[in-house]
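Residue numbers (the numbering used here): 632 to 805. We put the CB at the ideal spot given by N, CA and C, even for glycine. Notes to accompany the following structure.
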Amino acid sequence: MVVFEVSYLEGMLLKCQKDGFLENPIERLKYISTAMLASLHSGIEVNGLKTPLNPILGETLVVKTQNGGMIYCEQTSHHPPISHILFEGPPSCPFVISGYVQFKLGVSKNFSAAYFSAPGKVTLTLPNKEKINLCSKTVEISGLMSSSKLMNCTGSMIFNDRLNGLTATCSFDA
C-alpha cells in the first residue's frame, strides 16, 4: 500500500459521505473498492517507478492532503523491509488507515522481471468505528534490463468488512 493509493481513497470517502453512502455497508464497500482500483492507474501514471525500491531504515514521509488529512509513513525494518502507515482523515470525515506492509521481492531466472508483494495488515477505521481490512496486490515490473519498464498488477486485492459479512475481491491476470 503506497501513499497514492490511500490518498485517492480519502477523496472517495469524502464523496461517499457527501452522497450519503457512508452508513450503507454495500455502497460503501463499492466506493472503497473503486477508489483502491482507480488509484492503481493514477498512481502508476503519475508516480511510475520514481520512488526508491528499497527505502532507508527510519526514512519517514509526512504529507498533508488537499482535504486536510495527514499521512505518516516510516520504514521501520530493513530486513525484512517493513513500512508502517497512519493516515488520519480530515475533520469533516475522521477515518483512520493504519497498519504495515512487508515488502517481498522475487526476481525471475533471467533477471528481466521483479515481483513485489506487500503482505501485511492495513485497516480502514471509518468515522462510525467500523473497520475494513485492505489487502494489497502483487506487482510485477518487467524490462529491468532495459530503459522501458512495464508495471503490472497480479494476484488479488481483497476488501473485507467482517462486521457486515461483506468481501469484495478484484483479481488481476497480467
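- In this model, K695 and I702 are separated by some 6 angstroms (Cα to Cα).
- The shortest CA-to-CA distance from L775 to any of F742, K646, D804 is the one to F742.
- Secondary structure at Q733: strand, using DSSP grouped into helix, strand and coil.
- Put simply, the region 709–723 touches the region 640–651. At least three CB pairs are less than 8 angstroms apart.
- In this structure G786 touches T769 by the C-beta definition: roughly 4 angstroms separates them, less than 8 angstroms.
- For C724, there is no enclosing beta strand (DSSP E), as DSSP marks it with neither H nor E.
- Looking at the DSSP output, D792 bridges to L797.
- When the beta-carbon positions are compared, H715 and Y731 come within less than 8 angstroms of each other.
- Less than 8 angstroms divides the Cβ of Y662 from the Cβ of F652.
- Using a 10 angstroms sphere on the CB of D792, the tally of other CB atoms reaches 16 or more, which defines it as buried.
- Ranking G796, E658, N783 by CA distance to the CA of S802 puts N783 first.
- In this structure, DSSP gives S670 a helical state, which the three-state scheme calls helix.
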